Every structure is written in C-alpha cells, then in structure tokens.
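Numbering (the working numbering), first residue to last: 1 to 349. Even for Gly, the Cβ is constructed at its ideal location relative to N, Cα and C. Quick caveat, the model's predicted, so the values are computed rather than measured.
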Ligand SMILES: [Fe+2]
Ligand SMILES: [Fe+2]
C-alpha cells in the first residue's frame with residue numbers, strides 16, 4: 001500500500017463505502033444538496049445489514065454526520081449541522097447501532113449504587129485480561145510500519161481526544177460534573193496548548209512522518225475504528241445516554257495507563273524520539289490519576305446521586321471495553337497474520 005504522507009493542511013477527499021455514504025458525501029459537499037431528503041430512507045435500508053457495528057457504509061456515514069457537529073472536516077459546511085434530514089438520518093443510524101451494541105455487550109452484575117461499590121465493579125470489569133494484547137505486541141514485536149499504522153488508526157479519535165466526552169458536561173450536575181471537568185482540564189492541557197493531549201498526539205504523528213490533518217487516514221481505517229469513535233460520540237450527544245457516557249469515560253480512563261507504558265516502550269525500542277513517545281508517556285501518569293477520579297468521583301458519584309443511571313453506567317463501560325477491544329483485536333489479528341490492519345485503498349472506490 002502506498003500512503004500519502006503530505007503534511008499540507010488540505011481538505012481530505014473521502015471515498016464512499018456504499019449507497020448511503022455516497023449520497024451523503026454528495027450532500028455534505030453541496031454537490032447535490034437537494035438529495036438530503038432521500039437520506040433517511042437510504043439509512044433505513046443501510047441498517048438492514050447483519051452487523052451495523054462492522055458495516056462500512058453505516059459506520060462511515062455516522063462518522064461523517066458526527067464530523068458536521070464536531071466541525072472536524074471543514075469541507076462540510078456548518079449549515080448542515082441542524083438540517084432535519086441529516087438529523088433524521090443520524091437518528092436511524094444511532095438506533096440501529098445502539099441496539100446492536102446493547103445486544104452484543106455482556107453486562108456485569110449490578111453493584112449497590114454507592115460510590116465505592118460502583119468503583120469496585122468498574123475496576124473489576126476493566127481489569128487487564130490475560131492473553132495477547134495489542135499494546136504488548138507494540139512493546140515487543142511491532143515494526144516501524146506497524147507502529148505508524150497504530151497512530152493512523154488511533155488518529156480518528158485521538159486528534160480530537162476528549163472532545164466527545166466534553167459534550168456531556170452540561171448534562172451533568174454536582175460531583176459528577178466537577179469530576180468530569182477535573183479530568184477534561186488535564187486532557188486539554190490545563191491552559192497550555194502544547195500539553196493538550198490532542199496536540200501532543202498531532203506532534204507524535206508528525207514525528208513519525210505522518211500527516212496530522214484530521215481525516216487524512218479516513219479512507220484506510222476499517223469500520224470498527226469508526227465504531228469506537230462513533231460509540232463515544234453517540235453516548236455524549238444523546239442526553240438519554242447520560243449514564244452510558246459516564247461509564248464509557250470511566251472504562252476508557254481505567255484501561256489507558258498500562259497500555260500507554262507498553263506503547264511508549266515499543267516506540268522507543270523502534271528508535272522513535274520523545275516527540276513521538278511523549279503522548280504515551282503523559283498517559284502513564286495522567287491516567288493513573290484519571291482512572292481514580294473517573295471510577296469514584298465521576299461514575300461512583302453519578303450512580304449514588306442518580307441510581308436510575310446505574311444500569312447505563314455499566315452498559316457504557318462494558319460497551320467501551322467490548323467495542324474498543326474489537327478495534328484492537330482487528331489490528332492485532334491482522335499483524336499476527338502478517339497483514340496490514342488498514343483497508344486496501346482500492347476497496348474504497
Ligand atoms: Fe488523554
Ligand atoms: Fe485521561
């Protein structure tokens with residue numbers, strides 16, 4: 001595979017992956033805006049697939065619709081953000097995606113809705129699993145191309161790190177809100193732009209010779225990579241999923257510190273410099289703190305203050321672990337089979 005490594009900040013061209021994303025790309029680019037009203041029906045057809053979680057057309061389309069809310073792909077105008085046809089399309093995709101995730105994710109037994117019991121249940125759920133892991137592979141075996149591939153895969157979320165969960169801030173109150181803001185303040189560098197985690201990740205990409213333009217690798221990542229990003233965005237943008245976004249962030253923070261150490265070791269073993277490893281170094285320390293705040297002060301307090309959210313807090317945590325686990329397995333299985341985890345760009349046509 002030949003990858004463009006241009007560092008010019010240009011609007012990225014994105015290839016469709018089916019009838020829905022083809023029409024959606026034409027609408028969003030204002031080539032055929034009058035076709036927007038066809039999109040909800042195309043979405044209803046698109047979600048009839050066996051597995052919406054791994055379907056390229058469904059997941060790319062949801063990713064594109066969310067990009068209009070984030071403003072992360074500037075070629076798609078802000079006038080589409082609240083377009084009723086696009087919102088209806090998004091709702092169809094979200095319902096199918098949420099139903100599929102709820103059907104696929106095993107839930108732990110519910111603890112008492114107390115701060116400490118909920119934190120203990122989340123720590124048990126997020127405990128490291130025995131067996132092969134992506135971060136262990138990166139630490140010991142990955143080659144330079146695989147390390148760069150990991151950064152490309154992760155760029156879909158990490159160049160926008162923390163932005164999804166920030167959408168939950170106004171929905172929370174009291175202790176949970178204070179805890180989320182404490183975590184997010186670190187994620188955004190505590191007032192220092194160069195310490196913003198999304199900026200540190202962009203530095204890592206450039207240091208590894210990659211393009212840090214948002215969306216530069218959209219055409220080469222698989223549907224499951226979008227699913228990981230779409231999951232947290234869906235939880236964060238829907239007030240009815242407030243418990244799930246809290247659980248998602250808790251599980252995310254609780255499974256970051258140890259893998260970050262392993263990945264930083266792998267990057268140094270391969271000869272990458274501090275500019276590339278610094279993002280992962282930062283997460284060894286930061287997330288050892290964040291996981292405590294997220295488990296007790298965010299998720300635990302939220303369950304204590306609003307026990308009706310407990311089931312969705314557990315669902316959000318389990319969904320994060322399951323879907324992100326699939327995204328990591330996709331990469332690991334490809335590498336173990338001697339393949340790239342990226343899509344062949346010829347499939348995009
Ligand atoms: Fe972070
Ligand atoms: Fe964190």
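Supposed close pair residue i, residue j - CB separation, criterion 8 angstroms
{"i": "residue 85", "j": "residue 40", "result": "6 angstroms"}
{"i": "residue 235", "j": "residue 316", "result": "6 angstroms"}
{"i": "residue 58", "j": "residue 93", "result": "6 angstroms"}
{"i": "residue 111", "j": "residue 121", "result": "4 angstroms"}
Boundaries (first-last residue) of the alpha helix (DSSP H) holding residue i
{"i": "residue 238", "result": "That residue, residue 238, is in no alpha helix (DSSP H); it is neither H nor E in DSSP."}
{"i": "residue 181", "result": "174-187"}
{"i": "residue 205", "result": "197-207"}
{"i": "residue 266", "result": "257-269"}
{"i": "residue 280", "result": "274-292"}
{"i": "residue 326", "result": "310-336"}
{"i": "residue 154", "result": "144-158"}
{"i": "residue 75", "result": "Looking at the DSSP string, residue 75 is not in any alpha helix (DSSP H), and its letter there is neither H nor E."}
{"i": "residue 27", "result": "19-28"}
{"i": "residue 89", "result": "84-104"}
{"i": "residue 40", "result": "39-46"}
Straight-line Cα distance separating residue j from residue i
{"i": "residue 308", "j": "residue 271", "result": "50 angstroms"}
{"i": "residue 3", "j": "residue 213", "result": "Only weak support is given to the placement of residue 3: the predicted model assigns it a pLDDT of 46, under 50, and the question is left unresolved by the model."}
{"i": "residue 292", "j": "residue 24", "result": "41 angstroms"}
{"i": "residue 79", "j": "residue 269", "result": "47 angstroms"}
{"i": "residue 294", "j": "residue 180", "result": "7 angstroms"}
{"i": "residue 232", "j": "residue 248", "result": "7 angstroms"}
{"i": "residue 21", "j": "residue 45", "result": "12 angstroms"}
{"i": "residue 30", "j": "residue 69", "result": "16 angstroms"}
{"i": "residue 55", "j": "residue 208", "result": "30 angstroms"}
{"i": "residue 340", "j": "residue 206", "result": "21 angstroms"}
{"i": "residue 101", "j": "residue 131", "result": "24 angstroms"}
{"i": "residue 74", "j": "residue 114", "result": "44 angstroms"}
{"i": "residue 125", "j": "residue 310", "result": "14 angstroms"}
{"i": "residue 349", "j": "residue 195", "result": "With a pLDDT of 40 at residue 349, under the threshold of 50, the predicted position of this residue should be treated as unreliable, though the coordinate-derived value follows. Near 38 angstroms, if we compare the C-alpha coordinates of residue 195 and residue 349."}
{"i": "residue 279", "j": "residue 197", "result": "7 angstroms"}
{"i": "residue 151", "j": "residue 314", "result": "29 angstroms"}
Closest residue to residue i among the options (Cα-Cα distance)
{"i": "residue 133", "options": "335, 339, 342, 343", "result": "335"}
{"i": "residue 188", "options": "148, 286, 128, 254", "result": "286"}
{"i": "residue 243", "options": "208, 302, 288, 268", "result": "302"}
{"i": "residue 275", "options": "223, 106, 329, 200", "result": "200"}
{"i": "residue 177", "options": "58, 298, 284", "result": "298"}
{"i": "residue 185", "options": "169, 224, 66", "result": "169"}
Pair every Cβ in the stretch 130-145 with every Cβ in the stretch 258-266, then say whether three or more of these pairs are closer than 8 angstroms.
yes
Check whether the stretch 59-73 and the stretch 89-98 are in contact - that is, three or more C-beta pairs closer than 8 angstroms.
With the cut-off at 8 angstroms, the stretch 59-73 and the stretch 89-98 touch.
Taking 8 angstroms as the threshold, find out whether the stretch 146-159 comes into contact with the stretch 201-215 through three or more Cβ pairs.
yes
Is the stretch 250-258 touching the stretch 274-290 in the sense that three or more CB pairs, one from each, lie closer than 8 angstroms?
yes
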